[in-house]
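For reference, the structure discussed in these notes is given below.
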């Protein structure tokens, strides 16, 4: 760097502007190649920045699209799974209900049939007692299961002297006397009860 003393200018103060020597810059001027290289670096930097911004925008759009698709797929999956779970629960509850009904029917059937048999037997005993009080009745034929016939024989007030007991495999009791026939018909009733309980 070349320094020009200020005195050199003061001596020539009266001289015109043309007499003043040109100032020499202390900073060396960049060469043309350096300017091109700097411009290239700046262009590459700007290009990378523009590319990065474009990439971020595309990436953001893809993320939003993915989130939208994911939300839609989740909604569809939730609906499908909800329907399948509801169906499975309904079917499971129906099976539980059927099982409970079946167990209840099996537990109650003997009780209901026994109660119906007890009621029918009581009514039958009453009818037999009435029949035995009539003088026109000569003989009464009673058929049915042995255990029921034994219970009737033991509980009739008149002793059942005019009664002939015939044991049969049929669960119903049949009473015949002259023109009168009385049947309990418990077996068809029990069959209908079993069918209704299914």
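Numbering (my numbering), first residue to last: 1328 to 1525.
Virtual Cβ for every residue (Gly too), placed ideally from N, Cα, C.
Neighbourhood of residue i by C-beta distance below 7 Å, restricted to the same chain and skipping five residues each side
i: residue 1386; result: none
i: residue 1519; result: none
i: residue 1454; result: 1509
Residue i versus residue j: straight-line alpha-carbon distance, rounded
i: residue 1523; j: residue 1480; result: 34 Å
i: residue 1515; j: residue 1404; result: 53 Å
i: residue 1388; j: residue 1367; result: 31 Å
Beta-carbon contacts of residue i that lie in its chain and below 8 Å, excluding the five residues immediately before and after
i: residue 1482; result: 1452
i: residue 1478; result: 1448
Whole-Å CB distance - residue i paired with residue j, under 8 Å assumed
i: residue 1495; j: residue 1466; result: Wrong, their Cβ atoms sit about 18 Å apart, outside the cutoff.
i: residue 1493; j: residue 1470; result: 4 Å
i: residue 1472; j: residue 1498; result: 6 Å
For residue i: DSSP bridge partner residues
i: residue 1494; result: 1471
i: residue 1502; result: 1469, 1509
Cβ pair residue i, residue j closer than 8 Å
i: residue 1513; j: residue 1449; result: no
i: residue 1510; j: residue 1521; result: no
i: residue 1517; j: residue 1440; result: yes
i: residue 1459; j: residue 1489; result: yes
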